[in-house]
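Q:
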Amino acid sequence: MLKPLLDFEKPIAELDTLIEELKRSAANDERRKAAEHDNVDIESEISRVEERRDKVMREVFANLTPWNRVQMARHPMRPYTLDYINAICTNFVELHGDRIGADDPAIVGGFCQLNGQTIMAIGHQKGRDLKERQHRNFGSARPSGFRKALRLMQLAARFRKPIVTFIDTPAAEANLMAEEEGISRAIAYNIQQMFHLEVPIVVAVIGEGGSGGALGIAVGDRVIMMEHSIYSVIPPESCAAILSEFGRDRGRASDAAAALKLTAQHALQFHIADSIVSEPLGGAHRDPIAAARVLGNAIAAELKELASVPTPVLLDARYKRYRSIGSWEEIEREALIVPVPADHVEGPMP
Amino acid sequence: MLKPLLDFEKPIAELDTLIEELKRSAANDERRKAAEHDNVDIESEISRVEERRDKVMREVFANLTPWNRVQMARHPMRPYTLDYINAICTNFVELHGDRIGADDPAIVGGFCQLNGQTIMAIGHQKGRDLKERQHRNFGSARPSGFRKALRLMQLAARFRKPIVTFIDTPAAEANLMAEEEGISRAIAYNIQQMFHLEVPIVVAVIGEGGSGGALGIAVGDRVIMMEHSIYSVIPPESCAAILSEFGRDRGRASDAAAALKLTAQHALQFHIADSIVSEPLGGAHRDPIAAARVLGNAIAAELKELASVPTPVLLDARYKRYRSIGSWEEIEREALIVPVPADHVEGPMP
Amino acid sequence: MRAKSRWFTKPSGRNGSAVTNMPEGLWVKCPRCAEIHFAKDIERNLRICTKCDYHYRLHAYERIDLTVDEGSFVKINDDVMSVDPLGFPGYPEKLARAISSTGLTDAVVCGEALIDGRRCVISAADFDFLGGSMGSAVGERLVRAMELSVELRIPFVLFTANGGGARMFEGLYSLMQMAKTSAGLAKMERAAVPYIVVLTDPTMAGVYASYASLGDIILAEPGALIGFAGRRVGNQDMGMKLPDDFQSSEFQFRCGMVDQIVHRRELRSTLATLLMLLAEEGSDVKTSA
Amino acid sequence: MRAKSRWFTKPSGRNGSAVTNMPEGLWVKCPRCAEIHFAKDIERNLRICTKCDYHYRLHAYERIDLTVDEGSFVKINDDVMSVDPLGFPGYPEKLARAISSTGLTDAVVCGEALIDGRRCVISAADFDFLGGSMGSAVGERLVRAMELSVELRIPFVLFTANGGGARMFEGLYSLMQMAKTSAGLAKMERAAVPYIVVLTDPTMAGVYASYASLGDIILAEPGALIGFAGRRVGNQDMGMKLPDDFQSSEFQFRCGMVDQIVHRRELRSTLATLLMLLAEEGSDVKTSA
Ligand SMILES: [Zn+2]
Ligand SMILES: [Zn+2]
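Residue numbers (this note's numbering), protein chains in the order written: chain A, 1 to 350; chain B, 1001 to 1350; chain C, 2001 to 2289; chain D, 3001 to 3289.
Next comes the structure, spelled out in structure tokens:
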């Protein structure tokens, strides 16, 4: 089966294929002898191609556009929440159900151990193959998913177990049934109640941080973003489709992606993310175990730091963290002029 | 339109009709003159019939069977929750919805004032005519009804407003949808959470206290029962249909009603009700305003008493109240014999 | 482009509002029943169609005028202004246009006021200001209003009409205003200070999925558009027939999200009753207007 | 009638249980797949059908034996006995019969035990004792178990099998055991002591509508009957087709009421893992059995 590839991964994949072929030759006595006969050193040839591959990879990944980041965040081979939980944690016991009427497979959660400490791990869950994707509703949570998540978070808080959430959703479900079951209220209530949880919360954005659907489980004391994850108020396609600036054309999603400043690097710059976890060269899916190890260490380090914070201080800091987010200015009445930033001013300043 | 009547109300109703006719005559000049001509004093005739009617009524109501009490509790003319709220309270603002997916008309609730004090009034609501009865699901609450009630109770607790609940339900809804939406969990969760509510709760059983469907909003610091209300673990019809002692015959519901000891007077005797509110002679429906006044005063008196109890004491007393309910005995190993009460023992005691 | 205009117009309404939303001209055609009315008749009828009861949208100051005791409104937070943190194409121009056309400094107006003699903090959004959308300035204004409510221990009454949801021109900052306003409401919840929401036409997306859904009590005007995702999105994704009243006040009421649908004519008295009922024990003294 | 028999039989199981539920005779027919098995084979297979995986009901002590560390079970509350508070026709006789036929003193057995070295309070119901129904004695036993959990700060693990719900022979007293047990669980909730429920066949009515639904974590054995009202009642009232798995573990799982359906073979290890995960910080020391 061919692995799905992004366009800019193709030159890398070609070299990967070449390396694999060379390795197969090296393992094949006959071919090996033939190569020796031709004075070809397969080992050094492999090293040479690997170097070239890594160089290409470095170049490609040094020049990712915001749209490329969106593609990386949505990469079909990217590790998902359960991949990380299984790699980072032990003794995961998945807990199900909202105790109201449903169990939403688009959000998973349960108790497990990280470095010997019990945590509550919760995250959006996408599916790998078509069947599982549909089962998981592409990671778009329904109201019952948010309610299950809140139930589990409150359970964890009662038993004083810290909470780790994994964010990876295109958006919350928005169909008729979601509306009937109060998707807006479910998200809003989660966000509000997360400010009351008396345990540390670490949020890890591992893929798509899709607007309210992400935020519904993403209020935390620390927000970690994977290098190739994104966090956005609106999918760039929808943004492009709405705004005349992008010709109301979904095809111009890449322009919208650039305008929205939705990359992990921007979130860090805006002080909405606290740190970025580097991914293996080429992205987490090229080496999921290594990616998980680095993320796991980052989460553990944050949890360790938060463990010593007294609960009232923790809750107060959480409040202040979100209370202070925003970019605005306070203007004296007399100075009231339209606040146009310098690079949008036409003509000389007065 | 003929008012619905119970069998044992018929002799009373006949006299009522006669009194009404006499009064019409008294108000009619022509007939009055005819009566005077015949030396009949209509006024004293009215008094005489009224006295007889009251005597019959006293006799009938002094000899109600448990089954008659069940009939009274279910009387189609009996005042319902909203009748009491409207009679007792002012400024009632009904609040709707469980914030999850539905608003259940079988439970109503909202803020209002009782003697100038804000309370949260909540109750099962039956319907008077066929259409409203169906709309109210005959007072059988769905999971969303219990969830709405809990939301309102928690709202009241946050704003430190006491809670008054009115109990009048045959049972909780038990159909497929109720099961799917977790009717059992909804009831259980309400019961549990009511032990956390940091405000006084007064429960008034006004009609049918139907098992779990009643208890789901009936955990309180005081339980008042109307004279002709009942409180039962199972409808007597179902009890009769299940047990061979009653020939597994729904028709023997009256025997089951007697065995179940489900009247207000029994509940008082079992220390499950704290007091009984007397109803006007003939039942609350003969004078709903008077009935409401007495109930209102009883509730207000309980609230006044509870207002001065410090919250931790209140919650502790509520716990102890329910923790101590039950009839059992602790038997030393050596003394282990089947605990058969005296009136069931056959033959002479040893 | 550099806007030269000052964006606050001379106050003319009862509470210092600029009357801007009166339909232009003598006649007005009802968007629901298509009846032609004298504009004056609609105006006199609280902006409700005299034939089909359609509730026209109100501007923020019109809303406040209809709700609070005359002369009691004291504006707050009005100097918290939006900036363009992302350098988003077209945003500064849109902002300038909204400011000059509405006479407002951003999409919500906040203040302190009396309703039937009872103190409260009040806020109203204006759909004509970028669809009433929530950017950083809106978030900051609302949180300040909430904090004032907590400080004074007086209820916060909020009218929505934030059809635009989060203001995407501010990217992640605008998304985070959902968390910011909800943080403020968590604080109100802990302080047990009442928060009453009135959902008005239209209330969508990031606003409905944050502070608009979190009222201790949630009222709605009849027939308002209230929902999560745009109707088109819903249609597309579902391939199923939507109910006629999808995403209306009535739909949300049926789904248990709304306490009461209140006719505009009853709104002020309902709010007054609620403020009376929710007054703290011992503090239930009306302030004379 | 006056029962003369003592109702406790000589302990014979690992934890002092009377082995009573082994199908009589050499052969046993599976109630689900109708396959005829050697009784010994079923017994060896934890009372699970070797063909269709049907989970036979277990007696209280069999359940405890399967769950706790050998020899660790210490019975409590066993002397709390039912009386006949209402003088209900036939109740004393039924009680006497249940006692002598099961060898139990009432429908639930409670105790302290170790599961994989971790202390807990444990309780198991026995369907053969008046359908496992909840009377005053059951309520008292369970609340004492909860209070012990709180006192010792160790989890409470409860197995249901209370098909009978509330024990109607005790009238209002039995109904009130729903409130009494829920009160105990409110206390556990406030004390933040874990409460783990395992729903087993059958769990209905007043039991499911009180403590059986209130687990912090709720597990269920496959194929158990779990629901509110009897199937007939449901059918009657609805006049609609019920799903094939109506009121099964799987149905309740689908409806979000159950955390996990756990095969009997995995139950002990799942409980052990949960007790390990839920151990309080600093107290996570296993006691050697
Ligand atoms: Zn019209
Ligand atoms: Zn079988």
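For glycine and all other residues, C-beta sits at the position ideal for the given N, C-alpha and C. Remember, predicted model here, so these are calculated numbers, not experimental data.
Shorter than 7 angstroms, the distance from the beta carbon of E1094 of chain B to the closest heavy atom of ligand 2, or not?
A: Sequence index remark: in the second sequence, residue 1094 of chain B carries index 94 (1-based). It does not: the Cβ of E1094 of chain B is nowhere closer than 7 angstroms to a heavy atom of ligand 2.
Q: Is E3147 of chain D helix, strand or coil by DSSP?
A: As a first step, residue 3147 of chain D is located in the fourth sequence; it is residue number 147 there, counting from the start. Looking at E3147 of chain D - three-state DSSP - the assignment turns out to be helix.
Q: With H, G and I counted as helix, E and B as strand and the rest as coil, what does DSSP make of V1277 of chain B?
A: Stepping through the second sequence from its first residue, residue 1277 of chain B is reached at position 277. Note: V1277 of chain B maps to strand in three-state DSSP.
Q: Give every residue whose Cβ lies closer than 6 angstroms to any heavy atom of ligand 2, listed in chain order.
A: With the cut-off at 6 angstroms, the residues found are D:C3030, D:R3032, D:C3033, D:E3035, D:C3049, D:K3051, D:C3052, D:Y3054.
Q: Quick one: which residues of the region 80 to 111 of chain A get their C-beta closer than 8 angstroms to a C-beta of chain B? List them in chain order.
A: Listed by position, the residues of the region 80 to 111 of chain A near chain B (Cβ gap below 8 angstroms) are R99, I100, G101.
Q: Decide if the region 229 to 249 of chain A is in contact with the region 197 to 215 of chain A; the criterion is three or more beta carbon pairs, one per stretch, under 8 angstroms apart.
A: With the cut-off at 8 angstroms, the region 229 to 249 of chain A and the region 197 to 215 of chain A touch.
Q: Taking only beta-carbon atoms, is L1197 of chain B less than 8 angstroms away from chain C?
A: Position 197 of the second sequence, counted from the start, is the residue given in the question as residue 1197 of chain B. No, L1197 of chain B lies away from the interface with chain C (no Cβ there is under 8 angstroms from its Cβ).
Q: Closest to R1252 of chain B by C-alpha separation, out of B:I1187, B:A1240, B:V1040, B:Y1322, would be which residue?
A: What you label residue 1252 of chain B is simply residue 252 of the second sequence in a count that begins at 1. For R1252 of chain B, the nearest C-alpha among the options comes from B:A1240.
Q: Can you pull the chain D residues whose beta carbon is under 8 angstroms from the beta carbon of S144 of chain A, in chain order?
A: To locate residue 144 of chain A, count along the first sequence from 1; it is residue 144. Residues of chain D passing the Cβ test: G3256.
Q: Spell out the partners DSSP gives S3248 of chain D in its beta bridges.
A: Sequence index remark: in the fourth sequence, residue 3248 of chain D carries index 248 (1-based). Answer by DSSP bridge pairing, in chain order: D:L3225.
Q: Shorter than 8 angstroms from the beta carbon of S2995 of chain D to some beta carbon of chain B?
A: A question about residue 2995 of chain D goes unanswered here, because the residues of chain D that appear run from 3001 up to 3289.
Q: Which complete beta strand (DSSP E) runs does the region 113 to 189 of chain A hold, if anything under 3 residues is left out?
A: If we require 3 residues or more, the beta strand (DSSP E) runs fully inside the region 113 to 189 of chain A come out as 117 to 124, 163 to 169.
Q: Spatial neighbours of A1178 of chain B within its chain, please: CB distance less than 8 angstroms, with the 5 preceding and 5 following residues excluded, ordered by chain position.
A: In the second sequence, residue 1178 of chain B corresponds to position 178, counting from 1. Hits under 8 angstroms: R1142, P1143, A1172.
Q: Give the straight-line distance between the Cα atoms of D316 of chain A and K2187 of chain C, rounded to the nearest whole angstrom.
A: What you label residue 316 of chain A is simply residue 316 of the first sequence in a count that begins at 1. What you label residue 2187 of chain C is simply residue 187 of the third sequence in a count that begins at 1. Using only the alpha carbons, I get a separation of about 10 angstroms.
Q: Go to V2193 of chain C, then tell me how far its alpha helix (DSSP H) extends in each direction, as first and last residue.
A: Mapped onto the third sequence, residue 2193 of chain C falls at position 193. Taken as a continuous stretch (DSSP letters only), V2193 of chain C belongs to no alpha helix (DSSP H), as it is neither H nor E.
Q: For my contact list, Q2260 of chain C and H1124 of chain B are in at a C-beta cut-off of 8 angstroms; report their separation, rounded to the angstrom.
A: Taking the first residue of the third sequence as position 1, residue 2260 of chain C is located at position 260. Taking the first residue of the second sequence as position 1, residue 1124 of chain B is located at position 124. Going by Cβ atoms, the distance from Q2260 of chain C to H1124 of chain B rounds to 20 angstroms, so no, they are not a contact pair.
Q: Give the single residue among D:L3046, D:Y3056, D:I3154, D:S3136 whose Cα lies nearest to the Cα of R3032 of chain D.
A: For the purposes of this step, residue 3032 of chain D is taken as the residue at position 32 of the fourth sequence. The shortest C-alpha separation from R3032 of chain D is found at D:Y3056.
Q: Looking only at its own chain, which residues have a Cβ that is under 8 angstroms from the Cβ of V2193 of chain C, when we skip the five neighbours before and after it?
A: In the third sequence, counting from the first residue as 1, residue 2193 of chain C sits at position 193. For V2193 of chain C, where only same-chain residues beyond five positions count, the Cβ hits under 8 angstroms are S2149, V2150, R2153, I2154, P2155, F2156.
Q: Measure from the alpha carbon of Y84 of chain A to the alpha carbon of each residue in A:A121, A:R222, A:K304, A:H75, then state which is nearest.
A: What you label residue 84 of chain A is simply residue 84 of the first sequence in a count that begins at 1. Nearest C-alpha to Y84 of chain A: A:A121.
Q: Using a Cβ cut-off of 8 angstroms, pull out every chain A residue sitting near P2290 of chain C, in sequence order please.
A: For chain C, the structure presents residues 2001 to 2289; residue 2290 of chain C sits outside this window and is missing.
Q: Check whether the Cβ atoms of A298 of chain A and M225 of chain A sit closer than 8 angstroms, and answer yes or no.
A: Along the first sequence, read from residue 1 onward, the residue named residue 298 of chain A stands at position 298. Along the first sequence, read from residue 1 onward, the residue named residue 225 of chain A stands at position 225. Contact: no.
Q: Give the straight-line distance between the Cα atoms of N2162 of chain C and M2204 of chain C, rounded to the nearest whole angstrom.
A: For the purposes of this step, residue 2162 of chain C is taken as the residue at position 162 of the third sequence. For the purposes of this step, residue 2204 of chain C is taken as the residue at position 204 of the third sequence. Going from the Cα of N2162 of chain C to the Cα of M2204 of chain C covers about 7 angstroms.
Q: Quick one: complete alpha helix (DSSP H) runs, 4+ long, within the region 198 to 263 of chain A?
A: For the region 198 to 263 of chain A, whole alpha helix (DSSP H) runs of length 4 or above, ordered along the chain, are 211 to 215, 236 to 242, 253 to 260.
Q: Just confirm the distance between the C-beta atoms of M2176 of chain C and I325 of chain A, as a whole number of angstroms; I'd bet it's less than 8 angstroms.
A: Residue numbering aside, residue 2176 of chain C sits at position 176 when the third sequence is read from its first letter. Residue numbering aside, residue 325 of chain A sits at position 325 when the first sequence is read from its first letter. 4 angstroms between Cβ atoms; contact.
Q: L3153 of chain D by DSSP, collapsed to three states: which one?
A: As a working note, residue 3153 of chain D is residue 153 in the fourth sequence. Position check: residue 3153 of chain D holds Arg in this sequence, whereas Leu was assumed. Residue state, collapsed to three classes: coil.
Q: Taking only the alpha-carbon atoms, compute the straight-line gap between R3264 of chain D and E3221 of chain D and give it to the nearest angstrom.
A: Here the question's residue 3264 of chain D lines up with position 264 in the fourth sequence. Here the question's residue 3221 of chain D lines up with position 221 in the fourth sequence. About 6 angstroms.
Q: Taking buried to mean at least 16 other C-beta atoms within 10 Å of its own C-beta, is K1261 of chain B buried or exposed?
A: In the second sequence, the residue the question calls residue 1261 of chain B occupies position 261. So K1261 of chain B ends up on the buried side.
Q: Using three-state DSSP, classify I1272 of chain B as helix, strand or coil.
A: Mapped onto the second sequence, residue 1272 of chain B falls at position 272. The answer is coil: DSSP assigns I1272 of chain B none of H, G, I, E or B.
Q: My understanding is that L3172 of chain D touches F1270 of chain B, with C-beta atoms under 8 angstroms, so please give their C-beta distance in whole angstroms.
A: For this step, residue 3172 of chain D is matched to residue 172 along the fourth sequence. For this step, residue 1270 of chain B is matched to residue 270 along the second sequence. Indeed, because the Cβ distance is near 6 angstroms, the residues count as touching under 8 angstroms.
Q: Based on the DSSP output, what are the partners of G2087 of chain C in its beta bridges?
A: Along the third sequence, read from residue 1 onward, the residue named residue 2087 of chain C stands at position 87. DSSP, once it has assigned bridges, lists no residue as partnering G2087 of chain C.
Q: At least one CB of chain B closer than 8 angstroms to the CB of E179 of chain A: is that the case?
A: Residue 179 of chain A sits at position 179 when you count from the first residue of the first sequence. It does not; no Cβ of chain B falls within 8 angstroms.
Q: Measuring CB atoms only, is the region 3098 to 3114 of chain D touching the region 3047 to 3056 of chain D, in the sense that at least three cross pairs come out at less than 8 angstroms?
A: Result no; under three Cβ-Cβ pairs closer than 8 angstroms.
Q: Quick one: using the 10 Å Cβ neighbour count with 16 as the cut-off for buried, is L3026 of chain D buried or exposed?
A: Start at 1 with the first residue of the fourth sequence, and residue 3026 of chain D comes out as number 26. That one is exposed.
Q: Going along chain B, which residues have a C-beta under 7 angstroms from K3075 of chain D?
A: For the purposes of this step, residue 3075 of chain D is identified with residue 75 of the fourth sequence, where counting begins at 1. Going along chain B, no residue has its Cβ under 7 angstroms from K3075 of chain D, so there is no contact; the nearest lies around 11 angstroms.
Q: K3010 of chain D: buried (16+ other C-beta within 10 angstroms of its C-beta) or exposed?
A: Stepping through the fourth sequence from its first residue, residue 3010 of chain D is reached at position 10. Below a pLDDT of 50, predicted positions are generally treated as unreliable, and K3010 of chain D, at 32, falls in that range; no measurement from the model is reported.
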